[in-house]
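2 protein chains.
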Amino acid sequence: MQRRQFIKGASVLMATGAIAPAVQAAVSTSSLTTNAPFTEGKYRVLALVFDDYETLDLHGPVEMLGHMPNSEIKLVAMTEIVKSYQGPRVVADCLTTETYDCDLLLIPGGIGTRSLVNDTKLRQWLVAQIARSQNVFTVCTGTALLAMTSVLNGRKATTNKMAFQWVSSLNDNVPWQAKARWVLDGKFLTSSGVSAGTDAALFWVKHLHGELEAKRIQTLTEYDWNDDPLNDPYAVG
Amino acid sequence: MQRRQFIKGASVLMATGAIAPAVQAAVSTSSLTTNAPFTEGKYRVLALVFDDYETLDLHGPVEMLGHMPNSEIKLVAMTEIVKSYQGPRVVADCLTTETYDCDLLLIPGGIGTRSLVNDTKLRQWLVAQIARSQNVFTVCTGTALLAMTSVLNGRKATTNKMAFQWVSSLNDNVPWQAKARWVLDGKFLTSSGVSAGTDAALFWVKHLHGELEAKRIQTLTEYDWNDDPLNDPYAVG
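As given, the protein sequences belong to chains Y and W, one line each in that order. Using this note's numbering, you'd call the opening residue of the first sequence number 1 and step up by one each time. Using this note's numbering, you'd call the opening residue of the second sequence number 1 and step up by one each time.
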């Protein structure tokens with residue numbers, strides 16, 4: 001039986017010019033399955049979004065990973081509609097009321113992480129979701145959300161260089177890398193600020209499919225790829 | 001009086017994993033005003049989105065323009081929910097049932113433009129919308145949508161280099177630039193493929209606010225800016 005639900009509110013044409021805030025729909029979780037958002041056989045990229053996420057942190061990697069053979073990208077969020085720091089809104093494909101099997105959990109950063117690091121419910125979801133994620137890829141201050149858990153303890157990691165002091169102060173048990181465009185340690189790929197995520201995403205393509213495939217996507221997107229993780233023009237210290 | 005409308009359909013949690021297609025809401029246009037989506041006094045960026053737009057064509061410029069002082073970015077589309085080629089969906093802030101005064105009309109490209117070049121209704125909207133746009137900025141094959149009108153006639157322009165032959169074949173009256181990361185001619189800023197839009201957006205910041213401001217945003221986003229419009233590594237011919 002087909003079930004229909006409604007995303008409520010948010011007239012996009014209100015004469016006031018006001019944009020309705022992200023709204024809570026009356027969502028039944030009874031229809032969820034463990035792989036809910038994904039098509040069978042795809043490389044499953046699940047990207048966490050939240051209000052005031054940084055646009056390019058998410059969409060740079062989405063661009064590159066989305067050109068990988070057989071990839072499928074879905075957004076997971078606390079609400080159905082999420083507003084980026086730059087304004088445009090995205091629609092979640094599934095909610096953090098559940099966790100999902102996936103191949104890559106992508107976590108962007110942004111000013112929204114400043115309050116989210118104190119969100120106990122999200123932290124609990126993250127720990128459970130990470131356990132069901134083959135790999136985890138953070139961009140920018142997305143790393144801060146991991147730093148609030150113990151998953152990075154003992155693992156080399158990096159983050160946005162302008163926010164380096166803040167993020168690294170959140171967890172003393174992480175050997176923070178002050179000079180790195182990105183770092184892969186175990187199942188965790190962490191990258192530096194904003195655009196570094198796009199470079200790290202192409203690295204991930206190379207890691208999975210080889211250099212030729214990464215170069216194909218680089219050419220397709222006319223991208224100037226910084227393919228050296230140690231070439232970090234924004235390094236601190 | 002507050003009016004509420006509903007974005008219908010699209011359960012984000014259907015057990016089938018199926019994502020509902022973009023849906024038409026019962027939208028009343030009576031509440032529209034000429035500046036509907038924007039806050040008074042902002043630098044108004046209106047970005048056209050359509051199904052199968054290319055993610056980074058839109059979100060690269062959104063990232064950079066969104067950090068400009070006083071900018072406001074709104075999405076305009078034919079439907080309330082639009083799906084990118086890479087999968088994630090965005091929410092339109094207003095519809096192409098009307099045109100809007102804006103400072104910058106941003107038009108991304110993507111595989112969706114291949115059919116849209118034959119969409120007479122969209123073409124008519126574009127011509128009317130361009131007349132109400134202080135400047136127009138196309139990325140990648142977004143230029144193809146302009147090429148179907150006469151607005152670029154006699155103006156230097158460029159586009160994605162892998163699609164150069166197709167786009168340039170659409171209009172013989174445009175002096176197409178085979179080697180250019182971006183071109184500004186009159187009110188039209190056209191850029192090369194995908195990532196070139198991000199470079200061109202930073203150029204636009206510089207054009208409006210000076211080099212220091214562009215460099216500030218470049219640093220903030222840890223971006224490797226190709227700031228020379230003649231440095232086109234993907235040039236053809």
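Just so you know, even glycine gets a beta-carbon here, dropped at the ideal spot from N, CA and C.
Helix, strand or coil for residue i? Go by DSSP, reduced to three states.
{"i": "Asp185 of chain W", "result": "strand"}
{"i": "Val136 of chain Y", "result": "strand"}
{"i": "Asp232 of chain Y", "result": "coil"}
{"i": "Glu80 of chain W", "result": "coil"}
{"i": "Glu40 of chain Y", "result": "coil"}
{"i": "Ser71 of chain W", "result": "strand"}
{"i": "Met168 of chain Y", "result": "According to the sequence provided, residue 168 of chain Y is Ser. The question's Met does not apply to it. It is helical."}
{"i": "Trp176 of chain W", "result": "strand"}
{"i": "Leu104 of chain W", "result": "strand"}
{"i": "Ser150 of chain Y", "result": "coil"}
{"i": "Ser115 of chain Y", "result": "helix"}
{"i": "Arg155 of chain W", "result": "coil"}
{"i": "Val127 of chain W", "result": "helix"}
{"i": "Ala196 of chain W", "result": "helix"}
{"i": "Thr96 of chain W", "result": "coil"}
{"i": "Ala144 of chain Y", "result": "helix"}
{"i": "Ala26 of chain Y", "result": "With a pLDDT of 34 at Ala26 of chain Y, under the threshold of 50, the modelled position of that residue is not reliable, and no figure is offered here."}
Out of the options, state which residue places its alpha-carbon closest to the alpha-carbon of residue i.
{"i": "Ala235 of chain Y", "options": "Y:Lys161, Y:Leu202, Y:Trp176, Y:Leu208", "result": "Y:Lys161"}
{"i": "Thr55 of chain W", "options": "W:Val117, W:Thr39, W:Gly110", "result": "W:Gly110"}
{"i": "Ala196 of chain W", "options": "Y:His209, Y:Trp225, Y:Gly210", "result": "Y:Trp225"}
{"i": "Asp57 of chain Y", "options": "W:Ser71, W:Glu63, W:Pro108, W:Tyr53", "result": "W:Glu63"}
{"i": "Thr158 of chain Y", "options": "Y:Gln177, Y:Gln165, Y:Gly142, Y:Leu146", "result": "Y:Gln177"}
{"i": "Leu184 of chain Y", "options": "Y:Asn171, Y:Asp199, Y:Thr149, Y:Val194", "result": "Y:Asp199"}
{"i": "Leu104 of chain W", "options": "W:Leu208, W:Thr120, W:Ser115, W:Cys140", "result": "W:Leu208"}
{"i": "Tyr223 of chain Y", "options": "W:Lys187, W:Lys215, W:Gly193", "result": "W:Gly193"}
{"i": "Trp125 of chain W", "options": "W:Ile107, W:Trp182, W:Pro229", "result": "W:Ile107"}
{"i": "Asp172 of chain Y", "options": "Y:His59, Y:Met148, Y:Phe188", "result": "Y:Met148"}
{"i": "Trp166 of chain W", "options": "W:Leu189, W:Trp182, W:Thr141, W:Gly41", "result": "W:Thr141"}
{"i": "Gln134 of chain W", "options": "W:Lys206, W:Arg114, W:Leu46", "result": "W:Leu46"}
{"i": "Gly87 of chain W", "options": "W:Tyr53, W:Asp119, W:Thr113", "result": "W:Tyr53"}
{"i": "Arg181 of chain Y", "options": "Y:Arg216, Y:Asp227, Y:Thr113", "result": "Y:Asp227"}
{"i": "Thr256 of chain Y", "options": "Y:Thr143, Y:Asp119, Y:Thr120, Y:Gly41", "result": "Nothing in the structure corresponds to residue 256 of chain Y, since chain Y is present only between 1 and 237."}
{"i": "Val188 of chain W", "options": "W:Thr138, W:Arg114, W:Asn118, W:Gly41", "result": "The question names Val, but residue 188 of chain W is Phe in the sequence shown. When only C-alpha atoms are compared, the closest one is W:Thr138."}
Taking only beta-carbon positions, decide if residue i is within less than 8 angstroms of chain A.
{"i": "Asn153 of chain W", "result": "Absent here is chain A; the protein component of the structure consists of chains Y and W."}
With a threshold of 6 angstroms on Cβ separation, who are the neighbours of residue i within its own chain once the five nearest residues in sequence on each side are excluded?
{"i": "Val27 of chain Y", "result": "Any reading at Val27 of chain Y is ruled out, since the residue's pLDDT is 36, under 50, leaving its predicted position unreliable."}
{"i": "Ile130 of chain W", "result": "Val136, Val151"}
{"i": "Tyr43 of chain Y", "result": "Asn70, Ser71, Asp103"}
{"i": "Lys83 of chain W", "result": "Asp51, Arg89"}
{"i": "Val174 of chain Y", "result": "Leu152, Ala157"}
{"i": "Met78 of chain W", "result": "Thr96"}
{"i": "Pro233 of chain W", "result": "none"}
{"i": "Ala214 of chain Y", "result": "Leu202, Val205, Lys206"}
{"i": "Gly112 of chain W", "result": "Phe50, Asp51, Asp52, Tyr53"}
{"i": "Leu48 of chain Y", "result": "Val76, Ile107"}
By Cβ distance below 8 angstroms, which residues in the same chain neighbour residue i in space, the five residues on each side in sequence not counted?
{"i": "Asp93 of chain Y", "result": "Pro37, Lys74, Leu75, Val76"}
{"i": "Thr221 of chain W", "result": "Glu63, Met64, His67"}
{"i": "Thr39 of chain W", "result": "Glu72"}
{"i": "Gly186 of chain Y", "result": "Arg155"}
{"i": "Met1 of chain Y", "result": "Residue confidence is low: Met1 of chain Y scores 32 on pLDDT, short of 50, so the model does not pin down where it sits. No coordinate-derived value is stated."}
{"i": "Tyr85 of chain W", "result": "Asp52, Tyr53, Glu54, Thr55, Gly110, Ile111, Gly112"}
With a threshold of 7 angstroms on Cβ separation, who are the neighbours of residue i within its own chain once the five nearest residues in sequence on each side are excluded?
{"i": "Gly66 of chain W", "result": "Ile73"}
{"i": "Leu116 of chain Y", "result": "Phe50, Leu122, Leu145"}
{"i": "Ser169 of chain Y", "result": "none"}
{"i": "Ala201 of chain W", "result": "Gly60, Pro61, Met64, Leu65"}
{"i": "Thr29 of chain W", "result": "Residue confidence for Thr29 of chain W is low, a pLDDT of 41 falling below 50, so the modelled location carries little weight; the figure read from the coordinates is stated next. Closer than 7 angstroms at the Cβ level, and outside the excluded window around Thr29 of chain W, lie Thr97, Glu98."}
{"i": "Ala128 of chain W", "result": "Thr99"}
{"i": "Ile217 of chain W", "result": "Met64, His67, Leu202, Val205"}
Hey, is residue i close to the ligand SAM, as in C-beta under 7 angstroms from one of its heavy atoms?
{"i": "Met162 of chain Y", "result": "Absence of the ligand SAM from the depicted structure is noted, as is the absence of any ligand whatsoever, leaving it without description."}
| Members of the segment 164-176 of chain Y that neighbour chain W once the beta carbon cut-off is set at 7 angstroms | none
| task | Could you run through the segment 183-217 of chain W and flag, in chain order, every residue whose CB is less than 7 angstroms away from some CB of chain Y? | result | Ser192, Gly193, Val194, Ser195, Ala196
| Short-range partners of chain Y found in the segment 90-121 of chain W, where Cβ spacing is below 7 angstroms | Val90, Val91, Ala92, Asp93, Cys94, Leu95
| Could you give the uninterrupted runs of the alpha helix (DSSP H) lying entirely in the segment 198-231 of chain W, keeping only those of 4 residues or more? | As for any alpha helix (DSSP H) of minimum length 4 sitting wholly inside the segment 198-231 of chain W, the runs are 211-220, ordered along the chain.
| task | May I ask you to list, following chain order, the residues of the segment 42-55 of chain W that have a beta carbon less than 8 angstroms from some beta carbon of chain Y? | result | Ala47, Glu54, Thr55
| query | In chain order, what residues of the segment 67-79 of chain Y put their CB closer than 8 angstroms to some CB of chain W? | reply | His67, Glu72, Ile73, Lys74, Leu75
| query | Relative to chain Y, which residues along the segment 119-142 of chain W have a C-beta separation below 7 angstroms, given in chain order? | reply | none
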